[in-house]
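Chains as they are written, first to last, in my numbering: chain A, 1 to 115; chain B, 1001 to 1114.
Glycine is no exception: its CB is placed at the ideal position from the N, C-alpha and C atoms.
Bear in mind the structure is a predicted one, so any value in this text is a computation, not a measurement.
For reference, the structure is listed below as structure tokens.
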């Protein structure tokens, strides 16, 4: 079974802090994704990566950056957390090939609260 | 880029009834349409998908239909059970940028009443 793990289930941070969310997958997937899930807005793509050190912006990249130094690990960084970044963050991965045509395997999510 | 609309946002049915969730998409080049189920407190998981070379695909009590002319696809759940209660997301490909990704609908919260 594909296993996608995220570093924290719940996280509370203060406004202005730098926040790191970590995601690790154990199935040698090329593609990795970060989504934000808010009630009534569905899953919105923040960034994705199709190879080590490669990244591409999704629909809502403002206020976020990412890092992929190793194939199995994809990090989401909030440079200066703000209250409007309070949300559920989901990581996902998929096999080599177009990220548009392959099943995505999701992590359990990190619920981030910014005070 | 691709735009995906999903309806209804909430759906309540009696156990044993059928449920239908519909999605429309904008890019006629799209050719892969997955459905994900997210139970309360859990991660989304793929339950069924369809590619554009077929019009319908079934897996036990769930089926997906695709109408490429009208650019819509639907999830059908028959003989609903309480464990079908969840949020369901449709998705369609977005080919913008150098690599493709999926655009998800806003979700449908299905409640099955015993």
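Would you mind telling me which residues of chain B sit closer than 7 Å to residue i, beta carbon to beta carbon, in chain order?
i, result
"residue 112(A)", "Here the premise fails: no neighbours, minimum Cβ distance about 16 Å."
Flag residue i as yes if its beta-carbon sits less than 8 Å from any beta-carbon of chain A, otherwise no.
i, result
"residue 1046(B)", "yes"
"residue 1110(B)", "no"
"residue 1107(B)", "yes"
"residue 1025(B)", "no"
"residue 1008(B)", "no"
"residue 1034(B)", "yes"
Give the residues of chain B in contact with residue i, contact being defined as C-beta atoms less than 8 Å apart.
i, result
"residue 74(A)", "Within chain B, no residue comes near residue 74(A); the closest Cβ sits about 14 Å away, beyond 8 Å."
"residue 108(A)", "1042, 1043"
"residue 58(A)", "1101"
Name the DSSP bridge partner or partners of residue i?
i, result
"residue 1029(B)", "Its beta-bridge partners do not exist; DSSP assigns none."
"residue 1059(B)", "1062(B)"
"residue 1113(B)", "1014(B)"
"residue 113(A)", "12(A)"
"residue 32(A)", "49(A), 93(A)"
"residue 1049(B)", "1034(B)"
Determine the chain A residues that contact residue i at a beta-carbon separation under 7 Å, and present them in chain order.
i, result
"residue 1089(B)", "42, 43"
"residue 1104(B)", "42, 43"
Assuming residue i contacts residue j under a Cβ cut-off of 8 Å, what Cβ separation, rounded to an integer in Å, is found between them?
i, j, result
"residue 3(A)", "residue 28(A)", "The Cβ separation is near 12 Å, so there is no contact."
"residue 1062(B)", "residue 1077(B)", "5 Å"
"residue 21(A)", "residue 75(A)", "7 Å"
"residue 964(B)", "residue 1107(B)", "Residue numbering for chain B in the displayed model covers 1001 to 1114; residue 964(B) lies beyond these limits and cannot be assessed."
"residue 1112(B)", "residue 1093(B)", "That pair is no contact at about 30 Å."
"residue 30(A)", "residue 51(A)", "6 Å"
"residue 32(A)", "residue 91(A)", "7 Å"
Are the C-beta of residue i and some C-beta of chain B separated by less than 8 Å?
i, result
"residue 25(A)", "no"
Applying a beta-carbon distance threshold of less than 8 Å, which residues of chain E neighbour residue i?
i, result
"residue 85(A)", "In the structure shown, chain E cannot be found, because the protein chains are A and B."
Validate contact between the stretch 73-84 of chain A and the stretch 4-17 of chain A using beta carbons, cut 8 Å, 3 pairs: Judged by Cβ distances under 8 Å, the stretch 73-84 of chain A makes contact with the stretch 4-17 of chain A, as three or more pairs qualify.
The stretch 51-69 of chain A / the stretch 1003-1013 of chain B touching (three or more Cβ pairs under 8 Å): no
Stretch pair the stretch 1017-1029 of chain B + the stretch 1071-1084 of chain B: three plus CB contacts closer than 8 Å: Verdict: yes, contact present.
Inter-stretch contact at 8 Å, needing at least 3 Cβ pairs: the stretch 87-97 of chain A / the stretch 27-39 of chain A: Yes, since at least three Cβ pairs between the stretch 87-97 of chain A and the stretch 27-39 of chain A fall closer than 8 Å, the two stretches touch.
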